[in-house]
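Asks:
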Amino acid sequence: MSASDERCYAPLDGKDINLIRVVRMTYDRMALLTAWNALLLGILYLAVQVFQFIFDEQGFRAD
Numbered sequence: 001m002s003a004s005d006e007r008c009y010a011p012l013d014g015k016d017i018n019l020i021r022v023v024r025m026t027y028d029r030m031a032l033l034t035a036w037n038a039l040l041l042g043i044l045y046l047a048v049q050v051f052q053f054i055f056d057e058q059g060f061r062a063d
């Protein structure tokens, strides 16, 4: 068996790894996670801010 023998290589050895594709997939996932995080934090912020209006109508003050 020599080093140039086809049996010495795995099927995945012949595939090229495209670094740009890997970075783009990672960036897409990070962008989606960031957008989801912004949406959830925005909903949480609005939910916390509405308590002031509800309790002010009932006569409570949060000073």
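Residues in the sequence shown are numbered from 1 upward in steps of one, following the UniProt record's numbering.
Even for Gly, the Cβ is constructed at its ideal location relative to N, Cα and C.
Going by DSSP in three states, Arg61 sits in which element: helix, strand or coil?
Replies: Position 61 of the sequence shown, counting from 1, holds the residue named residue 61. In this structure, Arg61 counts as coil in the three-state DSSP scheme.
Asks: Straight-line CA distance for Asp56 to Ala47?
Replies: Locating residue 56 in the sequence shown gives position 56, counting from the first residue. Locating residue 47 in the sequence shown gives position 47, counting from the first residue. Their backbone Cα atoms lie some 15 Å apart in a straight line.
Asks: Rounded to the nearest angstrom, what separates Asp16 and Arg7 at their Cα positions?
Replies: Counted from its first residue, the sequence shown places residue 16 at position 16. Counted from its first residue, the sequence shown places residue 7 at position 7. For Asp16 and Arg7, the distance between alpha carbons rounds to 19 Å.
Asks: Determine the direct distance from the alpha carbon of Asn37 to that of Ile43, and round the result to whole angstroms.
Replies: Here the question's residue 43 lines up with position 43 in the sequence shown. Here the question's residue 37 lines up with position 37 in the sequence shown. Spanning the two alpha carbons is a distance of roughly 10 Å.
Asks: Quick one: what does DSSP say Ile20 is sitting in, helix, strand or coil?
Replies: Here residue 20 refers to the residue found at position 20 when the sequence shown is read from its first residue. Residue state, collapsed to three classes: helix.
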